[in-house]
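Everything on this sheet refers to the single structure shown next.
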Amino acid sequence: MDSELSGSELGTQEYWESSYNREIRNYKSHGDVGEIWFDEDSQQRVIDWLLKQKVDKKSNVLDLGCGNGMFLVGLANEGYDHLTGVDYSPKAVELAQNIAGDNKLNITYKVADLTQPQDELGTFDVVHDKGTYDAVSLCPDNPKEKRALYLKTVHKLLRTADSLFVITSCNWTEEELEKSFAEKFVKHHTIPTPTFKFGGKVGNVVTSVVFRKL
Ligand SMILES: C[S@@+](CC[C@H](N)C(=O)[O-])C[C@H]1O[C@@H](n2cnc3c(N)ncnc32)[C@H](O)[C@@H]1O
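Okay, here's the thing in structure tokens:
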């Protein structure tokens, strides 16, 4: 697929840094953890699916573009304890570390730009993305190349061909994700999400798809 989304400030590191800077202030002043992207249901649907699949609680899980880290907090509350979150915004990592620390949860957070090789992070059984590929796709500067670099990094972060890459997107349909990922990943499962009807066609507000690497 060659069509690109129009560039937006949501595709820039400066935007996220100032946004999480504000969220840290809010968190410190009144304990608000900040935005959970695409609402808590989107996050819970993925957690419920992992639980239903009986994904081992000892699995190494990586959250890409973790933001405030609430997805990992949700997994930690279910008993997962090998949890890592990365984000290219140091302020996001600071916020996530504060939230995990205050909740006495053992979650590792690191600053990492996923459009760069990240070999030192190691490899993981489950790699999760909610809204991060969307943000990368909105980069005002060469989004096609950024998307390809991101997918190359994700491919290397998956431990084996059985490892899972779970992605939730609001900018791309399932078909578009499958097409863009076809060189490196194969669809394993679709996590059902709410649908809407418009002009006789049925669409999804968000898409959650599980891929495995080729
Ligand atoms: C829409 S937010 C989603 C945050 C979180 N995943 C959630 O669901 O609440 C996108 C996140 O991706 C991060 N991000 C964007 N591009 C990135 C990149 N190249 N490397 C690492 N993180 C990135 C942003 O800093 C931001 O935290």
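Numbering (the numbering used here), first residue to last: 71 to 284.
Positions of the beta carbon are idealized from the N, C-alpha and C atoms, including for glycine.
Asked, Found
"For residue 158, the three-state DSSP class (helix, strand or coil)", "coil"
"Exposure label - residue 182; buried when at least 16 CB within 10 Å", "buried"
"For residue 173, the three-state DSSP class (helix, strand or coil)", "coil"
"Stretch pair the stretch 189-206 + the stretch 89-97: three plus CB contacts closer than 8 Å", "no"
"At least three beta-carbon pairs within less than 8 Å, the stretch 148-162 to the stretch 204-218", "no"
"Local conformation of residue 71 per DSSP, three classes", "Per-residue confidence for residue 71 stands at a pLDDT of 48, beneath the threshold of 50, marking its modelled position as unreliable; the derived number appears in the next sentence. Three-state DSSP puts residue 71 in coil, outside helix and strand."
"Nearest-angstrom Cβ-Cβ length linking residue 238 and residue 277, presumed shorter than 8 Å", "7 Å"
"Selected residue, minimal CA-CA separation from residue 219, among 250, 244, 246, 229", "250"
"Backbone secondary structure at residue 95 - three-state DSSP", "helix"
"Bridge-paired residues (DSSP) for residue 59", "The question about residue 59 has no answer, for the chain in this structure spans 71 to 284."
"Residue interval of the beta strand (DSSP E) (run including residue 117)", "That residue, residue 117, is in no beta strand (DSSP E); its alpha helix (DSSP H) goes 109-122."
"Unbroken stretches of the alpha helix (DSSP H), 4 residues or longer, contained in the stretch 201-236", "202-207, 213-227"
"C-alpha distance - residue 155 paired with residue 132, whole-angstrom precision", "6 Å"
"Close beta carbons around residue 172, own chain, < 6 Å, minus the five adjacent residues each side", "none"
"Spatial distance of residue 71 from residue 174 (CA atoms)", "For residue 71, the pLDDT reaches just 48, beneath the cut-off of 50, and the residue's location in the model is therefore unreliable, although a value from the coordinates is still provided. Cα to Cα, the separation comes out at about 44 Å."
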